[in-house]
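Worksheet for the structure shown next.
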Ligand code: BDR
Ligand code: CA
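Next comes the structure, spelled out in structure tokens:
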């Protein structure tokens with residue numbers, strides 16, 4: 040049976056690829072896509088999700104979510120994703136009609152109507168998910184697990200301590216990480232190992248269908264930013280952050296996790312947005328998160344390659 044999932048995202052190059060990976064999988068039943076502000080403003084991330092999914096010929100409800108974090112001002116990432124949030128390929132206007140329902144309304148309704156528990160896959164700031172838990176705590180019972188991209192045990196990418204998605208809305212992350220729902224955290228520890236190299240981008244382009252070519256063009260743009268920070272991070276390619284959270288749901292055997300207690304720093308002068316991972320269990324607190332540390336990189340890239348072959 041296919042696993043029911045909801046993807047909450049802020050496309051974003053790697054979000055777009057995460058969506059395409061999910062929709063091509065015969066293991067997943069994507070019941071809705073919701074968007075959040077993060078990589079760009081909410082109007083842009085929403086429009087990007089609609090455009091990418093329309094281009095891929097997908098039929099799904101796409102709902103707009105929070106325009107800003109719970110209490111902070113919005114931080115965006117034009118350095119990585121460009122002014123549109125999805126710079127690179129020229130995409131035609133969306134044909135999917137925007138949902139009239141908000142992200143929170145859609146998530147709550149999909150959960151309530153589902154006969155099985157649903158997996159949430161957030162690949163942006165956790166604002167929408169926290170809002171669902173604040174306004175409708177009863178729907179937590181309908182969630183099987185959250186497989187999210189965010190955080191890290193060892194160092195950040197936006198500050199020395201914080202990964203971008205958690206940094207954007209630490210208060211929302213704090214609510215989600217303390218929700219009692221099982222969490223798989225695909226943070227920088229694993230996503231920095233999930234790099235795609237130039238020859239592999241060419242292999243995807245070589246598939247030749249329009250979606251595969253568009254993905255290669257997204258990766259060309261995404262690669263320019265990562266080339267510029269190669270020396271700092273020791274990258275030889277581009278880390279495909281968000282697709283890792285989807286890949287874990289499709290095939291968890293690709294990814295190695297360790298169960299840990301994780302707290303979110305919401306205050307620290309230098310550490311706000313840090314996911315404080317008790318890797319050595321020094322405090323013996325309940326282990327609320329399965330933290331991903333390793334990935335079968337080639338298996339993951341092969342999954343992506345096979346996924347792109349399924350499009351037209
Ligand atoms: C995360 O930040 C965003 O720029 C990416 O889409 C990804 O979700 C990586 O830190
Ligand atoms: Ca993202």
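Residue numbers (this note's numbering): 40 to 351.
Each residue gets a CB set at the ideal place from its N, CA and C atoms; glycine is no exception.
Taking just the CA atoms, how far does residue j sit from residue i?
i, j, result
"residue 275", "residue 234", "8 Å"
"residue 205", "residue 317", "17 Å"
"residue 192", "residue 159", "22 Å"
"residue 314", "residue 301", "6 Å"
"residue 227", "residue 196", "8 Å"
"residue 208", "residue 64", "30 Å"
"residue 61", "residue 45", "10 Å"
"residue 87", "residue 51", "8 Å"
"residue 299", "residue 254", "34 Å"
"residue 264", "residue 144", "36 Å"
"residue 73", "residue 110", "20 Å"
"residue 336", "residue 232", "7 Å"
"residue 173", "residue 185", "16 Å"
"residue 43", "residue 150", "10 Å"
"residue 229", "residue 290", "15 Å"
"residue 326", "residue 351", "43 Å"
"residue 216", "residue 303", "8 Å"
"residue 178", "residue 221", "14 Å"
"residue 260", "residue 277", "10 Å"
"residue 176", "residue 114", "27 Å"
"residue 199", "residue 66", "37 Å"
"residue 312", "residue 183", "25 Å"
"residue 83", "residue 48", "12 Å"
"residue 118", "residue 308", "24 Å"
"residue 112", "residue 273", "31 Å"
Taking a contact to mean a Cβ-Cβ separation below 8 Å, would you say residue i touches residue j in this structure?
i, j, result
"residue 352", "residue 280", "The question about residue 352 has no answer, for the chain in this structure spans 40 to 351."
"residue 157", "residue 70", "yes"
"residue 90", "residue 133", "yes"
"residue 8", "residue 223", "With the chain running from 40 to 351 in the structure shown, residue 8 is simply not present."
"residue 283", "residue 334", "yes"
"residue 141", "residue 102", "yes"
"residue 130", "residue 94", "yes"
"residue 202", "residue 305", "no"
"residue 59", "residue 250", "yes"
"residue 107", "residue 68", "no"
"residue 190", "residue 75", "no"
"residue 212", "residue 165", "yes"
Can you have a look at residue i and say buried or exposed, based on whether 16 or more other CB atoms are within 10 angstroms of its CB?
i, result
"residue 339", "buried"
"residue 321", "exposed"
"residue 241", "exposed"
"residue 431", "No answer is possible for residue 431: the residues shown for the chain start at 40 and end at 351."
"residue 146", "buried"
"residue 167", "buried"
"residue 214", "buried"
"residue 135", "buried"
"residue 188", "buried"
"residue 139", "exposed"
"residue 218", "buried"
"residue 128", "buried"
"residue 247", "exposed"
"residue 238", "exposed"
"residue 100", "buried"
"residue 348", "exposed"
"residue 323", "exposed"
"residue 104", "buried"
"residue 262", "buried"
From which residue to which residue does the beta strand (DSSP E) around residue i run?
i, result
"residue 37", "Any answer about residue 37 is impossible in this case: the structure gives the chain only from 40 up to 351."
"residue 298", "294 to 303"
"residue 230", "It is not in any beta strand (DSSP E) - residue 230 instead sits in the alpha helix (DSSP H) that spans 227 to 230."
"residue 103", "101 to 103"
Ends of the alpha helix (DSSP H) at residue i?
i, result
"residue 184", "Counting along the chain, residue 184 falls outside any alpha helix (DSSP H), though it belongs to the beta strand (DSSP E) covering 182 to 188."
"residue 316", "Where residue 316 is concerned, there is no enclosing alpha helix (DSSP H), although the beta strand (DSSP E) it sits in stretches over 314 to 317."
"residue 74", "No alpha helix (DSSP H) holds residue 74; the beta strand (DSSP E) holding it covers 67 to 74."
"residue 174", "166 to 174"
"residue 333", "That residue, residue 333, is in no alpha helix (DSSP H); its beta strand (DSSP E) goes 328 to 334."
"residue 263", "249 to 267"
"residue 161", "That residue, residue 161, is in no alpha helix (DSSP H); its beta strand (DSSP E) goes 157 to 161."
"residue 88", "81 to 94"
"residue 290", "No alpha helix (DSSP H) holds residue 290; DSSP gives it neither H nor E."
"residue 57", "52 to 63"
"residue 210", "209 to 216"
"residue 244", "237 to 246"
"residue 353", "Residue 353 is absent from the structure shown; the chain starts at 40 and stops at 351."
"residue 151", "142 to 152"
Check your understanding: Are the segment 290 to 299 and the segment 261 to 269 touching by the rule of at least three beta carbon pairs closer than 8 Å?
Key -> No: fewer than three Cβ pairs fall under 8 Å.
Point to revise | Cβ pair count under 8 Å reaching 3, the segment 77 to 89 against the segment 114 to 132 | key: Counting Cβ pairs under 8 Å, three or more are found: they touch.
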